[in-house]
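Below is one structure; the comments refer to it alone.
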DNA sequence: CATCGTATGGTACATTGTACTAGTCAAGCG
DNA sequence: CGCTTGACTAGTACAATGTACCATACGATG
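Residue numbers (the UniProt record's numbering), protein chains in the order written: chain E, 1 to 227; chain L, 1 to 227.
Structural data, given as structure tokens:
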């Protein structure tokens, strides 16, 4: 029997699989990768609540409990799905870029775009730990800022500021995306005397989210740029 | 019977209650307010998953289904609990402040503090609409920035930037708060060659969250300040 | 051949939100 | 006074869900 409740890793094999003669046709064997990929498909199609272990198993053509060999629990699936969606391939040109600001903007815009492509990921992020793809992005951010001349004492603050901004913007955008009726309800609350300013500025109706993200990011980078 | 599935409001009475002779002792009657207050207590004590309709009813000394007279569903409870926690009493001094920056910092720090006092609120925010307390804060922010001289064309971007920053910071902080083991796991992933920079800067171990929040906010305000 | 690790999956259970339904009580009206 | 109505409370029941427990199969190794 598999080791119950091991400490850190899951219970599945750590050695490489011994090639089970590769099945001729039919369903390929279960694997972490296949589970995660299918979970992402399901999440994209049905949203956060749409993902159930039963549904996942059905889509994989397997029994429900078989999943638990490869995965600790549903939370684990969420963790893996989230990180799998956040890979980053780097800025367009291969050579070292001269423009650190452009590099950062590119990476952060890609980050946001990746999450918005899978809107469930935004609701997931706040409560999970950092997967390797996220860490890679942070590492890149850190390197770039450091090379750009940001003082070491300001570095962590700068990184977290950018992180905060991107996360806040993405989460907000994703949640407003889902509920047009909530927007309408909120907008209706505005009419009256209490919220004149935001009503006049049409804060909630301005839907140039991409432009606003970019402009706000520029403001933030203005503040962060080494003087 | 009460009108099933009304459009906008819930099914509970909209007129004032006709004073049921006020019960001498025992449990006070159910009310939206009592339900929300108790829900907040439970959320504080047990976290997001700890709130169940059954638990809530038990704590209120009522039947489970009685709750549904005052509340549409569990989501509704979450909405109400969230907004109830975000009231803002304004900056310390009563007279008009000269220092718009201090006013904004005060409000935003209070916002963050309010949410961190109820850590479940951070996970709730991204996916819900804007309650009246949130709108009031946005209105205040808008007025202050406008009075400070931020151009109308930049106003919405400025507001959203600050919102994004605060939300990102708070959500991040709250989620890291919950899981020390996740932190440790992430930190362990760092050792190696891939993440040298963030390992060296001790990004994940720096726990002066309050200071970092304040400093990053200053950077952002530097960028936003009218030139 | 026996044993063991890898892997699959059926059954069963506790827990959840909430639909349905029946009830209580007070106010208003004939 | 009896009857109706509407505000409110609550028990029962159900469907959906995550997953513990158990039985099983199969290839490799002794």
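All residues carry an ideal CB built from backbone N, CA and C; glycine is no exception. All values derive from a computational prediction rather than experimental measurement.
Problem set entry | Under 8 Å by beta carbon: chain E residues contacting residue 91/L | Within 8 Å Cβ-Cβ: nothing; residue 91/L doesn't reach chain E, min ~17 Å.
Problem set entry | Within-7 Å CB hit, residue 73/L to chain E | no
Exercise. Residue 199/E and residue 205/E: beta carbons closer than 7 Å?
Worked result: no
Exercise. So, do the segment 115–123 of chain E and the segment 156–170 of chain L have three or more beta carbon pairs nearer to each other than 8 Å?
Worked result: no
Problem set entry | Residues of its chain near residue 34/E, where Cβ-Cβ distance is below 8 Å and the 5 sequence neighbours each way are ignored | 28, 60
For this session: With residue 216/E as the anchor, note down where its alpha helix (DSSP H) starts and where it stops.
Result: 209–224
Exercise. For chain L, is any of its Cβ atoms less than 7 Å away from the one on residue 54/E?
Worked result: no
Problem set entry | Nearest-angstrom Cβ-Cβ length linking residue 162/E and residue 220/E, presumed shorter than 8 Å | 7 Å
For this session: For residue 107/E, count neighbouring Cβ atoms within 10 angstroms of its own Cβ and tell me buried if that reaches 16, exposed if not.
Result: buried
Problem set entry | Nearest-angstrom Cα separation, counted from residue 197/E out to residue 142/L | 7 Å
Problem set entry | Secondary structure, alpha helix (DSSP H): runs of 4+ residues fully inside the segment 41–68 of chain E | 53–60
Problem set entry | Straight-line gap, residue 138/E to residue 222/E (C-alpha atoms, nearest Å) | 20 Å
Problem set entry | Rounded distance between the beta-carbons of residue 131/E and residue 82/E, thought under 8 Å | 7 Å
Exercise. What residues in its chain sit with their C-beta under 7 Å from that of residue 110/E, if we drop five residues either side in the sequence?
Worked result: 88
Exercise. Would you say residue 76/E and residue 91/E are within 7 Å of each other, going by their C-beta atoms?
Worked result: no
For this session: Establish whether the CB of residue 143/L and some CB of chain E are separated by less than 7 Å.
Result: yes
Exercise. Which residues, in chain order, does the segment 31–61 of chain L contribute to contact with chain E at a C-beta distance below 7 Å?
Worked result: none
Exercise. Going by C-alpha distance, which of 67/E, 53/E, 116/E is nearest residue 86/E?
Worked result: 116/E
Exercise. Do we get a CB-CB distance below 7 Å when we pair residue 127/E with the residues of chain L?
Worked result: yes
Exercise. Under 7 Å between C-beta atoms, does residue 198/E make it to chain L?
Worked result: yes
Exercise. Of all the CB atoms in chain L, is at least one closer than 7 Å to the CB of residue 207/E?
Worked result: no
Problem set entry | Contact set between the segment 155–177 of chain E and chain L, restricted to residues whose Cβ is under 8 Å from the partner | 155, 156, 157, 158, 159, 160, 161, 163, 164, 165, 166, 167, 168, 169, 171, 172, 174, 175
Exercise. Chain L beta carbons: is any one of them nearer than 7 Å to that of residue 223/E?
Worked result: yes
For this session: Count the other CB atoms, across all protein chains shown, that sit within 10 Å of the CB of residue 112/E; report buried if there are 16 or more and exposed otherwise.
Result: buried
For this session: Name, please, each residue of chain E whose Cβ falls closer than 7 Å to the Cβ of residue 195/L.
Result: 135, 139
Exercise. Can a CB atom of chain E be found closer than 7 Å to the CB of residue 212/L?
Worked result: yes
Problem set entry | Close-in-space but distant-in-sequence residues of the same chain around residue 147/E (CB under 8 Å, 5 per side omitted) | 100
For this session: In angstroms with no decimal places, state the Cα-to-Cα distance between residue 84/E and residue 39/E.
Result: 10 Å
For this session: Assign residue 21/E to one of two classes, buried (16 or more other C-beta atoms within 10 Å of its C-beta) or exposed (fewer than that).
Result: In this prediction, residue 21/E scores a pLDDT of 39, lower than 50, which makes its location untrustworthy; the coordinate-derived value is nonetheless stated afterwards. When all chains shown are included, residue 21/E counts as exposed.
For this session: Look up residue 145/E in the DSSP assignment and say whether it is helix, strand or coil.
Result: helix
For this session: For residue 232/E, name the three-state secondary structure that DSSP assigns.
Result: Nothing can be reported for residue 232/E, as the shown portion of chain E is limited to 1 through 227.
Exercise. So, does the CB of residue 25/E fall closer than 7 Å to a CB anywhere in chain L?
Worked result: Note that residue 25/E scores a pLDDT of 45, beneath 50, so its modelled location is shaky; the value from the coordinates is reported in the next line. So, not an interface residue.
For this session: Tell me, to the nearest whole angstrom, how far the beta carbon of residue 32/L is from that of residue 79/L; I am working on the premise that it is less than 8 Å.
Result: Residue 32/L to residue 79/L, Cβ: 11 Å. No contact.
Exercise. Helix, strand or coil: which one does DSSP assign to residue 136/E?
Worked result: helix
Problem set entry | CB contact flag (residue 160/E, residue 212/L, <7 Å) | yes
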